[in-house]
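Note that the protein sequences, when read in sequence, are chains A and B. The first sequence: position 255 = 1147 (my numbering), numbered continuously. The second sequence: position 325 = 779 (my numbering), numbered continuously. See structure below.
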Amino acid sequence: MDDRTETTSSPERSQGPSSEEFAGLSPDSLREALRRMLLIRAFEEQAEQLYFQGLIHGTMHLSIGQEGSAVGSIWALRPEDYILSTHRGHGHSIAKGAKPALMMAEFLAKETGYCRGRGGSMHIADVETGNLGANGIVGGGIPLAAGVGVSIQMQKLDRVVMVFFGDGAANEGAFHESLNLASIWDLPVIYLCENNQYAMSMSVRRSMNIQDISQRACAYGIPGVSVDGNDFLAVYRAAKEAVDRARRGEGPTLIEAKTYRWKGHSRSDKQRYRTKEEVQEWQARDPIRRLAERMMAQGWLDQASFQALQEDVAREIQEAVAFAMESPEPDPATILEGVYA
Amino acid sequence: MSRELTYAQAIREAIALAMERDDRVFLFGEDVGIYGGAFGVTDGLLDRFGPERVRDTPISEAVLAGVATGAAMTGMRPILEIQFMDFITLSMEQLVLQAAKLRFMLGGKVNIPFVLRTPAGAGTGAAAQHSESLENWFVHVPGIKVVMPSTPADAKGLLLGAIEDPNPVIFVEHKLLYRHKGPVPEGYTPIPLSQTQVKREGADLTIVATSLMVLRALEAAETLAQEGIQVEVVDPRTLKPLDEQPIIDSVKKTGRVLIVHEACKTGGYGGELAAIIAGSEAFDYLDAPIRRLAGLDMPVPYNRELERRMVPQVEDIVDAARKLVREGI
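Quick look at the structure:
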């Protein structure tokens, strides 16, 4: 986020090629980004365990392997900027600043959860951190983003909205309508497509005849860029440019972050549509390890501090689970609350 | 003070009053600006409020419903016009799965105060894809409110009430009412939603009608009065959430009820009204079966006579009411 980004006048920024390589981000900011990525992974691994133990009702969609695109893109936002997320949205929420304890409480359907136990994994929202919610409908947030953009524009707020969606959503009709409208009205929207290669079982190779989803941007007269979604810095750079452009009132950008989900689509997925080898190839491009290694090569991180980060994250997740387990269930007498204002 | 305005003028006046009063209110939709709206309802508003607050849009009903929802979630009070109610089918995902549910799904942390205005109804020779009355689809979706004004005064007051309401409101206008004139109070005079109104008092029969059918019921009541049948006409005005008690009270008084709406009968609002009445304390007062008169279960036909026959007319209401009172069926 911008408050962690160095200004051009800061001494560290002028260190030469090394800081340029890190897109002007300070060592502290990078460490926090790395911690956030570790937190997402630990959160999801824990959630999966709780699911296996029968403690989580319903389903969930894990984003393990996609932490680079979630944190890399959100790192270009300010706290007051908005995001709209997807059914695979735990990473976006944590990257934007959601508290794992309140998320875990929601997973366990507790009154203390972000949605008072009414939404679950697919609807985590944290309005105070600008997170307007994950969405159970593929592409469901894409039209909403145009509305948030209009709202920002009309209220003359110095904000942007970043909407996440997957490769599958890029084939929904609403994608076309939203990008076109955002373009003609110069709305401050960043369309962030996390192409994780499969819409459930449908491969992008079978669902579209283009190489890069970002090619579609030219149909709307807006910039489009595809980046390695498992490279935190590549995602950050593209997002920063798009965010700056939107803030200047120059309109939307379409970014495609090419990435991969290590786990199945949801809990019922037997993964018949892909090979173990393919999964292993992508696991070799782990976004967390890649960022950690680059920081180590720069001397901005060592094994001991990396391990300390992991321990810190593990502790936070354990506390989150404890909080969630101790929290009360919703009172059935309140069942209708929230339907109407 | 009140003066005569058409239903369309009353709606336009309500939009202008709300926009003058509250910077968060803005109007958008297909051809609402330069063209003045397909039925001329928003004529002149672009000149008055400028292109930022009166926005012509591409033909993109899905994203327009998303714009209403997203803008409402983040502090605005949008008014969206969907040019024909038929076209709302293209907005359904955003309305039903997003606007209606987001507040609940997010634990009550956001409000979604927008109004979607849309002209419904047959009678213009526009055939099956420009004449639908789909209000009951939305009655079935918790989280959404549904309003159907029948008079110019109600159109103005209820639109102001809908704009003030913190929920998504589907505001169903009727094309054949746009030129209908009636007294409309001056100034900012919102009518709160969910207030059923008795439009005419009578002792022999209750007619519960919506939208254009209220006018037809009132006309039928005049004819029936000459035969000595005193009809009470009740207009729910807000279909959801419904103010039930005035309907129940009326049926208790008259002992007979005829429900009239334009939308197709099967699965229509009349079924809900009939069930409410049958399940209420009015049941013991019924002297005859609860009757429904509604659109035929078919697409709206083009031919003038077929189109007329598809929708309840004044004479149909007179016949049904007379039978109910005289023969008890």
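For glycine and all other residues, C-beta sits at the position ideal for the given N, C-alpha and C.
Are residue i and residue j closer than 7 Å when you measure CB to CB?
i	j	result
P686/B	G656/B	Inspection of the sequence shows that residue 686/B is occupied by Glu rather than by Pro. Yes, Cβ-Cβ distance for E686/B and G656/B is below 7 Å.
V1055/A	G1041/A	no
R654/B	V768/B	no
M952/A	A1212/A	no
L570/B	L544/B	no
K629/B	G579/B	no
R397/B	D741/B	Only positions 455 to 783 of chain B appear in this structure, which leaves residue 397/B out of reach.
A990/A	A962/A	no
A464/B	A609/B	yes
C1085/A	G561/B	no
I948/A	R933/A	no
V772/B	T677/B	yes
I730/B	E681/B	no
S1106/A	S1118/A	yes
A607/B	I566/B	no
L922/A	M1187/A	yes
S397/B	P695/B	No information on residue 397/B is available, as it lies outside the stretch 455 to 783 that chain B covers here.
L930/A	Q1202/A	yes
S1043/A	T528/B	yes
Quick one, which of the options has its alpha-carbon nearest residue i's?
i	options	result
D1178/A	E1218/A, D1123/A, S965/A	D1123/A
M1217/A	E1170/A, L917/A, A1189/A, G1005/A	G1005/A
G782/B	R745/B, P753/B, M752/B	R745/B
V600/B	Q583/B, S585/B, E627/B	E627/B
L976/A	N1023/A, I1105/A, A1130/A, I1227/A	N1023/A
E936/A	E959/A, W1077/A, L1228/A, A1111/A	E959/A
G577/B	C718/B, R763/B, F503/B	R763/B
T523/B	L556/B, E698/B, M539/B	L556/B
L1049/A	R1139/A, A1134/A, Q945/A	R1139/A
H1157/A	E913/A, T978/A, R1181/A	T978/A
T1021/A	R1137/A, F944/A, I966/A, S1219/A	I966/A
G1121/A	L1228/A, W1174/A, E1169/A	W1174/A
Use the C-beta contact count for residue i: other C-beta atoms within 10 angstroms, 16 or more gives buried, fewer gives exposed.
i	result
K1150/A	buried
Y1232/A	buried
K635/B	exposed
G1162/A	Note that residue 1162/A corresponds to Lys in the displayed sequence, not to Gly. Under this definition K1162/A is an exposed residue.
E735/B	exposed
M455/B	exposed
A1176/A	exposed
A1111/A	exposed
Y1128/A	buried
M602/B	buried
D1059/A	buried
D1223/A	exposed
S1160/A	exposed
Y1090/A	buried
F568/B	buried
To the nearest angstrom, how far is the alpha carbon of residue i from that of residue j?
i	j	result
V479/B	Q1047/A	11 Å
D894/A	V662/B	Per-residue confidence for D894/A stands at a pLDDT of 45, beneath the threshold of 50, marking its modelled position as unreliable; the derived number appears in the next sentence. C-alpha separation (whole angstroms): 60 Å.
F541/B	E515/B	7 Å
S906/A	W1192/A	With a pLDDT of only 41 at S906/A, under the threshold of 50, the placement of this residue in the model should not be trusted, and no figure is reported.
G1113/A	T664/B	46 Å
D689/B	L613/B	16 Å
R633/B	D485/B	19 Å
G964/A	A1130/A	9 Å
S911/A	A1184/A	15 Å
T572/B	E673/B	25 Å
I511/B	F482/B	Strictly speaking, residue 511/B in this sequence is Thr, with Ile absent from that position. One C-alpha to the other measures close to 7 Å.
L518/B	A1189/A	49 Å
N1072/A	G733/B	50 Å
R776/B	S1013/A	58 Å
I1147/A	P1115/A	8 Å
Q1199/A	R927/A	11 Å
E998/A	E1133/A	34 Å
A1126/A	Y1083/A	16 Å
E904/A	E1142/A	Because the pLDDT of E904/A is 41, which lies under 50, any placement of that residue in the model is unreliable, and the number read from its coordinates should be weighed accordingly. Cα-Cα distance, rounded: 30 Å.
Cβ of residue i within 6 Å of any heavy atom in the ligand GDP?
i	result
T496/B	The ligand content of the structure shown is nil, which means the ligand GDP is not present either.
So, is the C-beta of residue i closer than 7 Å to a C-beta in chain D?
i	result
S514/B	Looking for chain D here will not work: the only protein chains present are A and B.
- [ ] Name, going along the chain, the residues of the region 481-508 of chain B whose beta-carbon falls closer than 7 Å to a beta-carbon of chain A.
- [x] E506
TODO: Note down, in chain order, all residues in the region 548-565 of chain B with a beta-carbon under 8 Å from any beta-carbon belonging to chain A.
DONE: Q548, L551, Q552, L556, R557, F558, M559, L560, G561, G562, K563, V564, N565
Task: Residues from the region 1042-1061 of chain A in contact with chain B, defined by Cβ distance under 7 Å - done: V1042, S1043, M1046, Q1047
Open item on the list: Against chain A, which members of the region 522-539 of chain B pass a CB distance test of less than 8 Å?
Closed with: A522, T523, G524, A525, A526, M527, T528, G529, M530, P532
TODO: Could you list the residues in the region 960-979 of chain A with a C-beta less than 9 Å from some C-beta on chain B, going in chain order?
DONE: Along the region 960-979 of chain A, the positions whose C-beta sits under 9 Å from a C-beta of chain B are Y974, L976, read in chain order.
- [ ] Closer than 7 Å, Cβ to Cβ, to anything on chain A: give me those residues from the region 593-617 of chain B, in chain order.
- [x] P596, G597
Open item on the list: Please list, in chain order, the residues of the region 1027-1042 of chain A that have any C-beta partner in chain B closer than 9 Å.
Closed with: Of all residues in the region 1027-1042 of chain A, those with a C-beta nearer than 9 Å to a C-beta of chain B are N1027, G1028, I1029, G1031, G1032, G1033, I1034, P1035, L1036, A1037, A1038, G1039, V1040, G1041, V1042, reading in chain order.
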